[in-house]
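Student: Numbering (this note's numbering), first residue to last: 1 to 193.
In this text, a Cβ means the ideal position worked out from N, Cα and C, and glycines have one as well.
Listed below in structure tokens is the structure:
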């Protein structure tokens, strides 16, 4: 699904709030930042109150983060992973992660491609779920709130400035700020391996 197709689908669903919210939640599992920017742009251009997509984003992202944590937690119960977790270097990493959990969670939220390995490792290394979820709720609130607000405001401004070309302009912004950095990070990681 291309970005423009996603925006058109979201626009068509704005008069069905439950389906609109469920689609946003689902899209957070696929491409979180694109779901955030797309729903913010749609909310800025339609009668949908911004609380609906913002809440759906928050719920979807938190569910995804919690799922990653529990993937790590349950994977750590396998014999292969348990053997790996007994290594002294891994135990040192666990201590370092516990000391720097806030930095690890916030850092992985802002660095493309880092949430999956970080959150799975946090779960596997036995970090307290209550500590994890508290930091995640704060990080998601800040990151999603700022990104949503930025694109919601840009969407309102684009209507006045660009008229009919607004979607081309906004699509280019999303590509520049969301898709290109993630793709670049992915290719640099592949090249480093």
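Would you report the Cα separation of residue 143 and residue 88, rounded to the nearest angstrom?
Tutor: In the chain shown, the residue the question calls residue 143 occupies position 143. In the chain shown, the residue the question calls residue 88 occupies position 88. Their Cα atoms are separated by approximately 34 Å.
Student: Just how far apart, CA to CA, sit residue 62 and residue 68?
Tutor: Position 62 of the chain shown holds residue 62. Position 68 of the chain shown holds residue 68. Straight-line Cα distance between these residues: approximately 10 Å.
Student: Is the stretch 29–48 touching the stretch 92–108 in the sense that three or more CB pairs, one from each, lie closer than 8 Å?
Tutor: As far as the Cβ criterion goes, the stretch 92–108 does not touch the stretch 29–48, which means the pair count is below three.
Student: Could you name the residues of the same chain whose beta carbon sits closer than 6 Å to that of residue 27, not counting the 5 residues immediately before and after it, in chain order?
Tutor: The count along the chain shown starts at 1 and reaches residue 27 at position 27. Excluding residues within five positions, the ones whose Cβ falls inside 6 Å are 35.
Student: Apply the 10 Å Cβ neighbour rule to residue 127 and answer buried if 16 or more other Cβ atoms are within range, or exposed otherwise.
Tutor: Counted from its first residue, the chain shown places residue 127 at position 127. Answer is buried; the Cβ neighbour count reaches 16.
Student: Does the count of Cβ pairs from the stretch 148–155 and the stretch 113–131 closer than 8 Å reach three?
Tutor: Verdict: no, contact absent.
Student: With DSSP collapsed to three states, give me the class of residue 149.
Tutor: By one-based count along the chain shown, residue 149 stands at place 149. If DSSP states are grouped into helix, strand and coil, residue 149 belongs with the helices.
Student: Taking residue 139 as the reference, which of 108, 114, 116 has the closest Cα?
Tutor: Translated into positions along the chain shown, residue 139 becomes position 139. If we check each option's Cα against that of residue 139, 108 comes out closest.
Student: With the cut-off set at 8 Å, would you say residue 57 and residue 39 are in Cβ contact?
Tutor: The count along the chain shown starts at 1 and reaches residue 57 at position 57. The count along the chain shown starts at 1 and reaches residue 39 at position 39. Against a cut-off of 8 Å, the Cβ pair of residue 39 and residue 57 comes out as a contact.
Student: I'd like the list of long-range same chain contacts for residue 146, defined as Cβ closer than 8 Å, with 5 residues on each side in sequence excluded.
Tutor: If you number the chain shown from 1, residue 146 lands on position 146. No residues qualify anywhere along the chain.
Student: What residue range is occupied by the uninterrupted alpha helix (DSSP H) comprising residue 39?
Tutor: Indexing the chain shown from 1 puts residue 39 at position 39. Looking at the DSSP string, the run of the alpha helix (DSSP H) that includes residue 39 is 32–45.
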